[in-house]
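A quick write-up on the structure given underneath.
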Amino acid sequence: MDMRILKSEKKLCVSCMEEHEVKTVLVKEKNSFKNKKIEYDAVYTYCDISDELYADEIQMQENDIKLKNSYRRSEGLLTSEDIINIRRKYGITQSDLCTLLGWGAKTITRYESHQIQDKAHDTILKKIDRDPEWFISLLNEVKDDLPESVYRKYLENATILYEENRDSYLRKAIEANYARFQGNALFHGNTELSLDKVVDVIRYFSASHKIISLYKVKLMKLLWYADALSYKKRGFAITGLVYLALPMGAVPVGHNSIINLKDVPCEEVDMGETNAYHFSLKEAAKFLFLSDDDKKILDIVIKKLGKMTKNEIVEFMHNEQAYLKTPSRDVIQFKYTKSLQI
Ligand SMILES: [Zn+2]
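669 is the number of the first residue of the sequence shown in our numbering; add one for each residue after it.
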């Protein structure tokens, strides 16, 4: 028989009723369950003297769960461990998750052990796993049934998961937009796109006291100047963004998504007819993705352009060779940065 020894300890053996080294072993077991042949690793106790395998109460329980998990896997259902992990991810108790889903109070407890969930419940648990936004909406529906502090804790956990989810989608979408520029050094300034750097450059500008009224149009110009100056000085840009020549000057590809990235300190301001996007960072901040040389370049950009109004910086940009030589809506090439005005 295929048998692997897990451990061996001296104790009273209930098979031969003698005290001796008794082994705990793993056995490949085949069993029929719901008309299906199931294979799984079962745990037994083994007596060398009587050459007998037997299971104690705990082993019997565990073997039953192993059989059922193996069955669940073969049916494409979540295993009991999968369900435990989903619950742990949200930091929610078994009974509170039942409250959220409108299920009987012991349902999750049962699914995490011997009872196999039906297909409909399985689908719901899988959806909860990948959709923190849905979790939050369900949570809000049962808000009054939970203590305030417990509700807050679940909301906080799910919000973190939601933001991570959303941000990773957004990043993938931006990166997909940039795939077509890969390998064209004159487009991306000899630097591979780093959204971590993009976010940190925006945060660096937003934290500066030397920049007045930082709104979107101005920010986009500052980003271009930072990359252009970096390329002029070092032969490579900071962020890897690709810029288009739009009527108000340089604007990076994917600019609307970029300002929605997590940790970009962007605030929408109601301006009556339209909305404006204002950027400011109040708390003391660290910029882990920027080198000291990157920061020196940003400081020069801030010093030269920080006090300009939106119209002044747009006008300034319009006099750049890089802008004058680029047809409208084309990519601004980094080769023009030699004649940069700063
Ligand atoms: Zn024995």
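Just so you know, even glycine gets a beta-carbon here, dropped at the ideal spot from N, CA and C.
Provide the residue(s) that pair with Lys698 in DSSP beta bridges, ordered along the chain.
BP columns for Lys698 point to Glu707.
By a C-beta neighbour count over all protein chains shown, 10 Å radius and 16 as the cutoff for buried, is Thr1005 buried or exposed?
Thr1005 should be labelled buried.
Closest to Met728 by CA distance: which of Leu863, Asp967, Glu809, His782 is it?
Met728 has its Cα closest to that of His782, out of Leu863, Asp967, Glu809, His782.
Taking the C-alpha atoms as reference points, what is the distance between Asn699 and Ala847?
If I take the Cα positions, the gap works out to 51 Å.
Out of Arg820, Tyr991, Leu823, His946, point me to the one whose CA is closest to Val919's CA.
Among Arg820, Tyr991, Leu823, His946, the Cα nearest to that of Val919 belongs to Tyr991.
In angstroms with no decimal places, state the Cα-to-Cα distance between Asp868 and Leu956.
Cα to Cα, Asp868 sits roughly 8 Å from Leu956.
Is DSSP giving Phe947 helix, strand or coil here?
Strand at Phe947.
Alpha carbon to alpha carbon, how far is Glu689 from Lys675? Give it in angstroms, no decimals.
Distance between the alpha carbons of Lys675 and Glu689 is about 10 Å.
May I ask you to verify whether the region 845–864 touches the region 946–955, counting CB pairs closer than 8 Å and requiring at least 3?
Not touching, per the Cβ criterion.
At a cut-off of 7 Å, would you count Ile733 as near ligand 1, judging by its Cβ distance to the nearest heavy atom?
Flag unset: Cβ of Ile733 not near ligand 1.
Quick one: Cα of Lys757 to Cα of Leu838, how far?
Computed Cα separation, rounded: 22 Å.
Please confirm whether any heavy atom of ligand 1 lies closer than 7 Å to the CB of Glu686.
Yes, the Cβ of Glu686 comes within 7 Å of a heavy atom of ligand 1.
Is it buried or exposed for Ser742, if we count other Cβ within 10 angstroms and need 16 for buried?
Exposed: under 16 other Cβ atoms inside 10 Å.
Do you know how far the Cα of Phe803 is from the Cα of Asp813?
Near 15 Å, if we compare the C-alpha coordinates of Phe803 and Asp813.
Between the Cα of Lys702 and the Cα atoms of Cys715, Leu735, Glu730, Leu829, which residue gives the shortest distance?
Nearest option by C-alpha distance: Leu735.
Counting only the same chain and skipping the five closest in sequence on each side, list residues whose C-beta sits under 8 Å from that of Asn1029.
Residue 1029 lies beyond the stretch modelled for the chain, which goes from 669 to 1010, so this question has no answer here.
I need the DSSP call for Val690, collapsed to helix, strand or coil.
It is a strand residue.
Rounded to a whole number of angstroms, what is the C-alpha to C-alpha distance between Asp670 and Lys696?
Between Asp670 and Lys696, the C-alpha separation is close to 6 Å.
Would you kindly report the start and end of the unbroken beta strand (DSSP E) that includes Met685?
First-last for Met685: undefined, no H or E at that position.
Compute the Euclidean distance between the alpha carbons of Leu891 and Ala788, then round it to the nearest angstrom.
Roughly 50 Å between the two C-alpha positions.
Is Ser1025 helix, strand or coil when you go by DSSP?
Residue 1025 falls outside the range modelled here, since the chain spans only 669 to 1010, and no answer is possible.
Who are the near neighbours of Gln989 in its chain, counting only those whose CB is closer than 7 Å to its CB and skipping five residues on each side?
For Gln989, where only same-chain residues beyond five positions count, the Cβ hits under 7 Å are Tyr1004, Ser1007.
Do Ser718 and ligand 1 come close, with the Cβ less than 7 Å from some heavy atom?
Checking the Cβ of Ser718 against ligand 1 gives yes.
Using a Cβ-based criterion (distance less than 7 Å to any ligand heavy atom), does Ser683 qualify as near ligand 1?
Flag set: Cβ of Ser683 near ligand 1.
Within the continuous alpha helix (DSSP H) that includes Cys766, where are the two ends?
Counting along the chain, the alpha helix (DSSP H) containing Cys766 begins and ends at 762–769.
If you reduce the DSSP assignment to three classes, tell me which class Val919 lands in.
Correct three-state label for Val919: strand.
Does the distance from the CB of Glu780 to the CB of Ile751 come in under 8 Å?
Yes, these two residues count as a Cβ contact at 8 Å.
Among Val885, Arg778, Gly922, which one has its Cα closest to the Cα of Ala1024?
No answer is possible for residue 1024: it lies beyond the span of the chain, which begins at 669 and ends at 1010.
Under DSSP, the beta strand (DSSP E) around Asp835 begins and ends at which residues?
No beta strand (DSSP E) contains Asp835, which is instead part of the alpha helix (DSSP H) from 816–846.
The beta strand (DSSP E) with Leu929 in it runs from where to where?
Neither: Leu929 is in no beta strand (DSSP E) and is coded neither H nor E.
Kindly identify the DSSP beta-bridge partner or partners of Val866.
DSSP, once it has assigned bridges, lists no residue as partnering Val866.
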